[in-house]
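Worksheet: the structure to be examined is printed underneath.
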Amino acid sequence: ETEEIQNAALVPGEDKELEDKISLLQNSGKIYENLEKAYLLLHDETPSAMDGFRAALRSLEEISSYTGEIGQLCQEFNDIYYRLEDLSHNLRNKKESLIFNPAELDEAISRFDQIETLKKKYGSTIEEILAYYEKVSKELAVIENFDESKVMLEKQLKSSYTALITVCEKLTDARKRSAAELEVKIQ
83 ETEEIQNAAL
93 VPGEDKELED
103 KISLLQNSGK
113 IYENLEKAYL
123 LLHDETPSAM
133 DGFRAALRSL
143 EEISSYTGEI
153 GQLCQEFNDI
163 YYRLEDLSHN
173 LRNKKESLIF
183 NPAELDEAIS
193 RFDQIETLKK
203 KYGSTIEEIL
213 AYYEKVSKEL
223 AVIENFDESK
233 VMLEKQLKSS
243 YTALITVCEK
253 LTDARKRSAA
263 ELEVKIQ
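In short: position in the sequence shown from 1, add 82, done, that's my numbering.
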């Protein structure tokens, strides 16, 4: 039992990460296609959404000095525009970093299956499995070290017994002296 859990080298939260990774890898084609579509709509269409937003921002900038309300509206458009640009770059980076690797998917599924098998045997979460491993390891250590513990306890018992005999002999001597002194005083 302990060897199986130890060899699995479980990490808390790993099962959730594997679920996400498997979902990403299994759906990478669709994810890529939709990321590409979103990016194209923002940048490559004529006119693109970013072109329209930029034109709206320029129009507002031309009149932003006329009233504080329009100036505030222009500032909000400006913030949204730059936030949208950042999101657009993140879209592109995510799309470019998405690579489907069948071996990676197989490895993730295999690892996930291994964890699920351990969950069926030892606990419903990785944390419970690790707690079970800790408990069983301690029990196993006690069993494996039983003979050593027995020898050590026997030595402690013998030492304590010897000390007890010594104290008992001193107490007996002290009682005998006290009894002799008491007998002398009574006479």
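Where a beta carbon is used, it is the ideal one built from N, C-alpha and C, also for glycine.
All of these numbers come straight from a predicted model, not from anything done at the bench.
Among the options, the one whose alpha carbon lies nearest that of residue i
| i | options | result |
| --- | --- | --- |
| ASN89 | GLN196, ILE247 and SER260 | GLN196 |
| THR84 | LEU264, ILE211, ALA120 and GLU265 | ILE211 |
| SER170 | ASP255, LEU123 and LEU253 | LEU123 |
| ILE87 | VAL249, LYS217 and SER231 | LYS217 |
| ILE113 | LYS232, GLN238, GLU151 and LYS177 | LYS177 |
| MET132 | GLU151, SER241 and ASN160 | ASN160 |
Residue i in three-state terms, based on DSSP
| i | result |
| --- | --- |
| VAL266 | helix |
| PHE182 | coil |
| ASN89 | helix |
| SER146 | coil |
| GLU83 | coil |
| THR199 | helix |
| GLY95 | coil |
| GLY205 | coil |
| THR254 | helix |
| SER130 | coil |
For residue j and residue i, believed in contact at Cβ under 8 Å, the rounded distance
| i | j | result |
| --- | --- | --- |
| LEU187 | LEU107 | 4 Å |
| PHE194 | ILE104 | 6 Å |
Extent of the continuous alpha helix (DSSP H) run through residue i
| i | result |
| --- | --- |
| SER110 | 110-125 |
| GLU209 | 208-226 |
CB of residue i within 8 Å of CB of residue j, strictly
| i | j | result |
| --- | --- | --- |
| LEU117 | LEU155 | no |
| ARG136 | TYR164 | no |
| SER130 | LEU180 | no |
| GLY208 | LEU92 | According to the sequence as given, residue 208 is Ile; it is not Gly. Yes. Within cutoff. |
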